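A short worksheet on the structure shown next.
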Amino acid sequence: MIEAEELRSGAIVQIGAVDQPRLFTLSEARQLLPLVRKVTEVAHRNLTPCRDRMRQMLNCDPRLAALECEFEAEVRKWVARMLRLGVMVPDLWQVGFDTGEGYLCWRFPELRLAYFCGYVDDFDARQPLAEVIDEWCPDWANQ
């Protein structure tokens, strides 16, 4: 399992080329989810103080720009780590595991993979994974 020091140093092993899409079976996605969740949890925790300070400032506060840059840099690090793991990032704290037919969807702080969305569907239109498997009997769910 990944250690806290590895997370701080950015030592996330790249599973494949970032520009090459990776296809996941349900089993592979479930195996990778604990790492995705841990990396996301650490990034979320690291950003909480920055986000709290930003919320307390007026829009005209000159310190706000520096905090926004700090926030953006942390988010970019999280996105880069997710991409190195082979997952798609549609929005902050959301990831999709490409199955070849759509995405197994996860949103922090969910505990497990429980949703699916098609390639053209909005992440908010996620369907319960159990229903998709029952209806489609996809290959990626049985491997």
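Start counting the sequence shown at 1; every next residue gets the next number (this note's numbering). Note that beta-carbon positions come from the ideal geometry of N, C-alpha and C, so glycine has one too. Please read these numbers as outputs of a predicted model, since none were measured by experiment.
From this set, the options, which residue's C-alpha is nearest residue i's C-alpha?
i           : options             : result
residue 64  : 71, 128, 73 and 54  : 54
residue 40  : 106, 58, 131 and 50 : 106
residue 109 : 97, 88, 92 and 117  : 92
residue 38  : 85, 104, 122 and 50 : 85
residue 123 : 67, 102, 79 and 42  : 102
residue 31  : 112, 94 and 44      : 112
Do residue j and residue i have their beta-carbon atoms positioned less than 8 Å apart in this structure?
i           : j           : result
residue 115 : residue 127 : yes
residue 47  : residue 100 : no
residue 21  : residue 98  : yes
residue 82  : residue 36  : yes
residue 129 : residue 104 : yes
residue 29  : residue 78  : no
Excluding sequence positions up to five away, which residues of its chain have a Cβ less than 7 Å from the Cβ of residue i?
i          : result
residue 25 : 140 and 143
residue 95 : 36, 82, 87, 88, 89 and 106
Going along the chain, which residues of its own chain have a beta-carbon closer than 8 Å to the beta-carbon of residue i, five neighbours each way excluded?
i           : result
residue 125 : 117
residue 50  : 67, 70, 71 and 74
Is residue i near the ligand SAH - that is, is its Cβ less than 7 Å away from at least one heavy atom of it?
i           : result
residue 107 : With respect to the ligand SAH, the structure offers nothing, as it holds no ligand at all.
Closer than 6 Å by C-beta to residue i: which residues in its own chain qualify, once you throw out the five before and the five after it? Chain order, please.
i           : result
residue 80  : none
residue 132 : 116
**Study point:** Contact the segment 60-74 vs the segment 130-142: 3+ CB pairs below 8 Å
**Key:** no
Review point. What are the complete beta strand (DSSP E) segments, minimum 3 residues, inside the segment 50-92?
Key: 88-91
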